[in-house]
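In case it helps, this note's numbering puts the sequence shown at residues 18 to 534.
Backbone N, C-alpha and C fix where the C-beta goes; we use that ideal spot for every residue, glycine too.
Please read these numbers as outputs of a predicted model, since none were measured by experiment.
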Amino acid sequence: MNKHQKKEIANRLSGVGASTSVEGSPISFQTFDWCDYIQETNSVAAPQICFRQTASPPINDFKVGMKLEAIDPRNVTSTCIATVISTLGPRLRLRLDGSDNKNDFWRLVDSSEIHTIGHCEKSGGMLQPPLGFRMNASSWPMFLLKTLNGAEMAPSKVFQKEPAGPKVNLFEVGQKLEAVDKKNPHLICCATVGAIKNDQIHVTFDGWKGAFDYWCKYDSRDIFPVGWCAKSGHPLQPPGQKNNTGISRYSFKPAFVPFVPTSTISSVTEVVQSEADTSASSLPPTVINFQRQCNGGSLINPANLPASLEDVSMVTLQKKFVEQLLYASNQPEDLLVSLRTLIGEDFEINFKGGVHVLQLPKANSVADIETMFSMISETVQCCRNLFSLEEPQGECSLCEIKATARAVKRKFPPEQEPATSTTPASSTATPPAPPPSCNLGKIPIQEWGIEEVIQFIDSTDPCLGVHAELFRKHEIDGKAFLLLNSDMMMKYMGLKLGPALKICNLVSRLKGRRFAV
């Protein structure tokens with residue numbers, strides 16, 4: 018990028034323009050009249066037949082938070098799970114689950130690149146983690162399972178068929194259109210066909226010096242006929258003014274937006290707010306609480322931990338948290354070795370006068386902090402409740418379960434454990450599932466940890482005990498155990514049909530015995 022392009026971008030990001038306002042509307046957009054503009058510039062609009070768009074823009078019935086399948090825009094051979102972050106007219110802002118907000122992207126509701134959950138599997142494919150997945154790749158299957166559990170899936174009725182486009186390039190140089198700004202994709206702007214080369218057109222933004230122009234195929238879904246924004250309720254950014262650095266299309270000033278329905282207004286507000294910088298001083302701090310009665314494993318001494326840590330910055334809090342774990346460790350060098358096995362972004366951690374570079378999953382939200390907790394607790398083999406965003410409530414249930422399980426195991430060696438079922442030998446083909454111990458059987462399955470699940474499987478069918486490490490690797494706790502099915506275990510965990518069916522049978526029998534809440 019040369020100095021003129023940098024100056025151009027600075028101009029577009031720092032101006033204030035004249036405008037009128039809509040009473041009571043939180044939206045901020047500048048007015049624009051295509052008819053007057055085309056007449057003043059003695060230009061013509063590209064006809065509808067040039068575009069791969071419907072004559073009437075599609076209706077957007079998606080809701081924020083809905084889950085769907087989408088092609089990863091950075092790795093188009095992969096289909097991933099995505100969440101609707103916001104809506105704007107007929108457009109969706111999507112975020113791939115397991116990715117961060119820096120890679121959000123936009124799709125039309127009638128795009129061929131989005132589908133209902135299950136479409137990929139029906140087509141013979143397999144859902145993949147997004148490029149840059151912030152967790153260990155081996156945890157993807159269970160991450161996927163937990164992500165979809167209880168989530169709102171976008172119904173098939175909200176998806177629309179992508180329109181057919183023209184068979185050849187019908188554009189002519191000088192024609193006007195509306196186009197997505199690729200560098201700021203929530204914006205659609207006034208543009209002109211600057212040049213044509215085979216099946217490509219050069220999109221130039223009116224009133225700007227070229228820093229944002231781009232080439233695209235003639236049937237791109239990012240270009241629209243004149244008037245599309247007005248019809249669809251999507252805001253349109255007017256032309257810039259090359260010789261006036263005081264006006265910028267990035268200055269969202271109150272103005273009349275024709276045909277904007279109420280649902281679109283709320284969605285637009287969400288987008289504008291999500292893009293704005295927020296002063297850290299105005300945000301409440303995030304607090305990490307330590308339950309010092311929990312088991313810290315062999316590397317962390319819980320007694321050396323503070324009651325809590327807090328900071329308004331997620332990144333700063335993350336660094337403080339890891340540094341505190343190191344100071345609480347009786348074997349900090351060994352703990353550092355364990356933490357270096359994590360995968361993520363480089364973080365500089367200060368410890369005892371030295372700087373250590375670790376890779377940690379970058380925390381942009383509370384959910385990211387929880388993900389980090391899970392990864393670290395698994396890596397250092399400490400209790401998952403040792404650190405939490407919630408205040409401790411009495412004794413740790415997970416530590417109680419493990420203590421009880423150990424006590425029962427000492428009291429009843431495997432060859433001397435008392436019978437827990439009076440089922441006759443003639444019906445041993447389908448006996449009711451016995452709990453691994455009388456105490457564990459009183460605890461809801463959803464509260465079982467990974468070790469409790471393994472203990473249950475091993476005590477019920479010792480032949481399945483050989484798969485214990487597989488259950489640890491994929492973090493199969495009680496909640497995940499109840500969601501397992503044979504297809505998932507064979508595809509994602511690598512189990513053969515026989516063991517998978519046995520485990521499915523255990524799951525079914527457990528559900529029937531009301532171990533779960």
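Sub-8 Å separation of residue i and residue j beta-carbons
{"i": "T164", "j": "D114", "result": "yes"}
{"i": "R124", "j": "L144", "result": "no"}
{"i": "K496", "j": "Q472", "result": "no"}
{"i": "T209", "j": "G182", "result": "no"}
{"i": "P516", "j": "K248", "result": "no"}
{"i": "G314", "j": "C399", "result": "yes"}
{"i": "S128", "j": "R309", "result": "no"}
{"i": "V524", "j": "F488", "result": "no"}
{"i": "K337", "j": "L326", "result": "yes"}
{"i": "V126", "j": "Q70", "result": "no"}
{"i": "V339", "j": "I366", "result": "yes"}
{"i": "V397", "j": "I520", "result": "no"}
{"i": "V243", "j": "E195", "result": "yes"}
{"i": "E395", "j": "E469", "result": "no"}
{"i": "M331", "j": "M152", "result": "no"}
{"i": "D328", "j": "L322", "result": "no"}
{"i": "L204", "j": "F49", "result": "no"}
{"i": "I76", "j": "L187", "result": "no"}
Identified DSSP bridge partners for residue i
{"i": "A208", "result": "L194, F222"}
{"i": "S103", "result": "R110"}
{"i": "Q254", "result": "C206"}
{"i": "E362", "result": "L377"}
{"i": "R124", "result": "L109"}
{"i": "C97", "result": "A87"}
{"i": "I240", "result": "A196"}
{"i": "M170", "result": "K84"}
{"i": "N92", "result": "D89"}
{"i": "A62", "result": "K193"}
{"i": "K214", "result": "Q217"}
{"i": "F188", "result": "The partner list for F188 (beta bridge, DSSP) is empty, contrary to what the question assumes."}
8 Å CB neighbourhood of residue i in its chain, flanking five on each side removed
{"i": "K259", "result": "For K259, the predicted model reports a pLDDT of 44, less than 50, meaning its position is unreliable; a value from the coordinates is still stated below. So the list reads G224, W225, K226, once near-sequence residues are dropped."}
{"i": "E174", "result": "Sequence inspection shows Lys at residue 174; the Glu mentioned does not correspond to that position. Excluding positions up to five away in sequence, the list reads D78."}
{"i": "M505", "result": "P158, L162"}
{"i": "D475", "result": "P453, L481, G482, A485"}
{"i": "F150", "result": "G115, S116, W157"}
Residue i - containing beta strand (DSSP E), residue span
{"i": "Q376", "result": "371-377"}
{"i": "L85", "result": "84-89"}
{"i": "Y231", "result": "231-234"}
{"i": "T303", "result": "303-307"}
{"i": "L500", "result": "Element bounds for L500: not the beta strand (DSSP E) but the alpha helix (DSSP H), 495-500."}
{"i": "S129", "result": "That residue, S129, is in no beta strand (DSSP E); it is neither H nor E in DSSP."}
{"i": "D328", "result": "325-328"}
Where residue i falls, given that 16 or more other Cβ within 10 Å makes a residue buried
{"i": "Y14", "result": "Missing from the structure shown is residue 14; the chain here goes from 18 to 534 and no further."}
{"i": "K193", "result": "buried"}
{"i": "R91", "result": "exposed"}
{"i": "T6", "result": "Missing from the structure shown is residue 6; the chain here goes from 18 to 534 and no further."}
{"i": "T94", "result": "exposed"}
{"i": "Q56", "result": "exposed"}
{"i": "M83", "result": "buried"}
{"i": "A63", "result": "buried"}
{"i": "P255", "result": "buried"}
{"i": "C246", "result": "buried"}
{"i": "H514", "result": "Reading off the sequence, residue 514 comes out as Leu, not His. Classification for L514: exposed."}
Cβ shell of residue i (< 6 Å), same chain only, five flanking positions each side left out
{"i": "F390", "result": "F404"}
{"i": "H132", "result": "E86"}
{"i": "E362", "result": "K379"}
{"i": "N402", "result": "Q308, C311, C413, L415"}
{"i": "I386", "result": "A380"}
Range covered by the alpha helix (DSSP H) that runs through residue i
{"i": "W465", "result": "First-last for W465: undefined, no H or E at that position."}
{"i": "Q410", "result": "Neither: Q410 is in no alpha helix (DSSP H) and is coded neither H nor E."}
{"i": "A247", "result": "245-249"}
{"i": "K337", "result": "331-345"}
{"i": "D478", "result": "Segment: none, D478 is in no alpha helix (DSSP H) and carries neither H nor E."}
{"i": "T58", "result": "51-58"}
{"i": "V397", "result": "383-397"}
{"i": "A181", "result": "Segment: none, A181 is in no alpha helix (DSSP H) and carries neither H nor E."}
{"i": "L148", "result": "Segment: none, L148 is in no alpha helix (DSSP H) and carries neither H nor E."}
{"i": "A485", "result": "485-490"}
Same chain, Cβ closer than 7 Å to residue i, five either side skipped, listed in chain order
{"i": "Y509", "result": "P158"}
{"i": "R357", "result": "L375"}
{"i": "T447", "result": "Note that T447 has pLDDT 40, beneath the 50 cutoff, so the model's placement of it is unreliable and the number below is only indicative. Around T447: no qualifying Cβ."}
{"i": "S280", "result": "Bear in mind that a pLDDT of 42 at S280, under 50, signals an unreliable position, so the model cannot answer this."}
{"i": "L342", "result": "I317, L352"}
{"i": "L109", "result": "F79, V101, W123, R124, V126"}
{"i": "K426", "result": "Below a pLDDT of 50, predicted positions are generally treated as unreliable, and K426, at 44, falls in that range; no measurement from the model is reported."}
{"i": "P409", "result": "N306, Q308"}
Beta carbon proximity, residue i to chain C, threshold 8 Å
{"i": "E327", "result": "Looking at the structure shown, chain C is missing, and only one protein chain is on hand."}
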